[in-house]
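Using my numbering, you'd call the opening residue of the sequence shown number 11 and step up by one each time.
Built from N, CA and C at the ideal position, the CB exists for glycine as well.
Taking it in order: structure first as structure tokens, then the write-up.
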Amino acid sequence: MEDFLNPISGATHTKRQISKIFNIDEKIVGKFFKDNDANFLHTYKDVRAFGKSLKEEQDKKVMLFTFNKGGVGKTTHTFNFSQNLALRGKRVLVWDFDRQANATEYFMSKEGRLSVADYFKNEDGLKLKDLVVDIDDSLSVVPSGEKMANLNLYLTERFHFSNGSFSENADLSKLDQFINEFKELSKDFDAVLIDSPPSFGLLHFLLFIVSDVVFNVTGVTSNDFEAIDDSVSLYVQAKEWNPKLDMKFLINCRDTVRNMDIHLEDVQELRAKIKSYGFSAFENIIPTSDIFFYSTRDGIPFWLVDINNYDEKFRNEVVQEITEILSTYSEVYSYTKKELKTKQAKRAELTGAF
Numbered sequence: 011m012e013d014f015l016n017p018i019s020g021a022t023h024t025k026r027q028i029s030k031i032f033n034i035d036e037k038i039v040g041k042f043f044k045d046n047d048a049n050f051l052h053t054y055k056d057v058r059a060f061g062k063s064l065k066e067e068q069d070k071k072v073m074l075f076t077f078n079k080g081g082v083g084k085t086t087h088t089f090n091f092s093q094n095l096a097l098r099g100k101r102v103l104v105w106d107f108d109r110q111a112n113a114t115e116y117f118m119s120k121e122g123r124l125s126v127a128d129y130f131k132n133e134d135g136l137k138l139k140d141l142v143v144d145i146d147d148s149l150s151v152v153p154s155g156e157k158m159a160n161l162n163l164y165l166t167e168r169f170h171f172s173n174g175s176f177s178e179n180a181d182l183s184k185l186d187q188f189i190n191e192f193k194e195l196s197k198d199f200d201a202v203l204i205d206s207p208p209s210f211g212l213l214h215f216l217l218f219i220v221s222d223v224v225f226n227v228t229g230v231t232s233n234d235f236e237a238i239d240d241s242v243s244l245y246v247q248a249k250e251w252n253p254k255l256d257m258k259f260l261i262n263c264r265d266t267v268r269n270m271d272i273h274l275e276d277v278q279e280l281r282a283k284i285k286s287y288g289f290s291a292f293e294n295i296i297p298t299s300d301i302f303f304y305s306t307r308d309g310i311p312f313w314l315v316d317i318n319n320y321d322e323k324f325r326n327e328v329v330q331e332i333t334e335i336l337s338t339y340s341e342v343y344s345y346t347k348k349e350l351k352t353k354q355a356k357r358a359e360l361t362g363a364f
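Given below as structure tokens:
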């Protein structure tokens with residue numbers, strides 16, 4: 011190993027070697043190679059810099075699902091992504107910031123639960139860690155509830171927030187406390203996923219600041235096209251506070267797999283707009299009516315839902331891409347569908363959550 015890392019050895023370094031040195035999944039290393047067959051790292055300095063950049067990417071654990079529009083599948087994706095990670099051995103925390111509390115109700119009753127609204131409105135020393143409810147050994151949730159209904163307005167007025175900035179006399183100590191506690195709590199988990207409400211405001215600004223990557227879940231209507239502008243604008247504002255923030259787009263079509271071709275022209279136009287801003291979208295278009303309907307209705311991950319052979323092939327492609335995306339931010343272990351179903355059944359039996 012010492013010879014390998016010798017800066018004057020003249021050695022080149024393969025993906026497998028880099029993976030072993032820095033204990034990073036080889037697939038993740040491959041994503042950052044300029045050429046899959048190229049061994050372009052020649053010196054110790056090159057290797058260390060490369061390894062550091064990979065570690066920084068792998069440490070991006072906080073994922074925000076958002077969009078300035080309702081009904082696009084933010085909660086559905088939060089649920090499915092969290093299950094994807096939890097059932098593969100990751101320790102996952104789900105935050106529910108949406109007043110509808112749908113993400114919460116996938117896992118538990120929302121009645122009588124403390125939420126982030128209690129944290130901001132309670133001055134008796136309530137901590138963010140006090141809000142966490144453990145579902146099982148792999149999954150925990152910070153629930154939502156009725157008090158979340160006016161939280162955005164409350165925060166905006168309390169902290170004098172307007173057009174992406176605070177007034178000079180605003181006391182931001184509570185916001186600083188929230189950010190610090192959020193980051194500290196996140197250290198206890200391998201992945202942190204956030205479900206957010208549909209209308210942008212100060213709450214979203216805070217969530218952009220504490221996140222590592224923002225997943226914008228968009229449809230293909232005219233309102234979705236307009237909402238992309240809102241996401242980019244908020245991203246630019248938050249970048250000043252969070253320079254390493256990343257952002258991607260997931261495109262949903264409210265239709266079945268068989269009929270999605272009628273939306274292809276709209277999808278291509280949407281992709282072009284996203285690309286014009288310098289961002290990228292998932293390759294697969296996700297049908298929210300077929301696969302995801304059965305998933306959220308039955309409270310199980312969508313890749314475990316029994317569907318016909320046509321949709322099965324498409325669903326597997328979606329799952330593979332989601333897993334690869336998640337692997338960029340957190341190493342994902344592979345299980346067979348049978349193994350995942352067994353793990354899911356055990357969780358349901360133990361928790362009664364589903």
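Less than 8 angstroms between the CB atoms is what I'm expecting for residue i and residue j, so what's the real figure, rounded?
| i | j | result |
| --- | --- | --- |
| Lys131 | Ser154 | With 8 angstroms as the limit, Lys131 and Ser154 do not qualify as a contact, their Cβ atoms being about 14 angstroms apart. |
| Val102 | Leu149 | 5 angstroms |
So which of the options has the shortest CA-CA distance to residue i?
| i | options | result |
| --- | --- | --- |
| Asp239 | Asn112, Lys137, Lys283, Lys193 | Lys283 |
| Leu217 | Asn233, Ser241, Thr228, Asp234 | Ser241 |
| Phe6 | Gly83, Glu279, Phe259, Arg26 | Here the chain has residues from 11 to 364 only, and residue 6 is not among them. |
| Leu213 | Val246, Phe199, Gly174 | Gly174 |
| Phe215 | Tyr245, Phe188, Phe199, Ala201 | Tyr245 |
| Lys71 | Asp222, Asp276, Asn162 | Asp222 |
| Asp147 | Leu97, Ile189, Asn112, His170 | Leu97 |
| Ala127 | Ala113, Asn112, Val143, Val152 | Val152 |
| Phe199 | Arg26, Met118, Ser92 | Ser92 |
| Asp108 | Thr85, Tyr164, Ser286, Lys285 | Thr85 |
| Thr88 | Ser206, Leu161, Glu279 | Ser206 |
To the nearest angstrom, how far is the alpha carbon of residue i from that of residue j?
| i | j | result |
| --- | --- | --- |
| Gly99 | Ala180 | 43 angstroms |
| Val104 | Glu115 | 12 angstroms |
| Glu156 | Ser232 | 31 angstroms |
| Gly83 | Ile145 | 23 angstroms |
| Gln187 | Leu95 | 28 angstroms |
| Val224 | Leu74 | 5 angstroms |
| Lys184 | Met158 | 17 angstroms |
| Asn160 | Arg26 | 51 angstroms |
| Gly122 | Tyr164 | 21 angstroms |
| Val202 | Lys193 | 10 angstroms |
| Val143 | Glu133 | 21 angstroms |
| Ala113 | Leu124 | 15 angstroms |
| Ala178 | Pro253 | For the sequence presented, residue 178 should be read as Glu rather than Ala. Near 23 angstroms, if we compare the C-alpha coordinates of Pro253 and Glu178. |
| Glu167 | Glu275 | 42 angstroms |
Starting from the C-beta of residue i, find all residues in its chain whose C-beta is less than 7 angstroms away, skip the five residues before and the five after it, and write them out in chain order.
| i | result |
| --- | --- |
| Glu191 | Lys137, Leu138 |
| Tyr129 | Leu136, Leu138, Leu141 |
Using a Cβ-Cβ cut-off of 8 angstroms (strictly less than) and excluding sequence neighbours within five positions of residue i, which residues of its own chain qualify?
| i | result |
| --- | --- |
| Phe289 | Val242, Met257, Lys258, Phe259 |
Could you pull out every residue in the same chain whose Cβ sits closer than 6 angstroms to the Cβ of residue i, ignoring the five residues on either side in sequence?
| i | result |
| --- | --- |
| Trp251 | Ile219 |
| Asn226 | Phe77, Ser241, Phe259 |
| Pro208 | Lys79, Gly80 |
| Gly229 | Val82, Asn262 |
| Gln247 | Gly174 |
Mind checking who residue i pairs with in its DSSP beta bridge?
| i | result |
| --- | --- |
| Asn78 | Asn78 is not bridged to any residue. |
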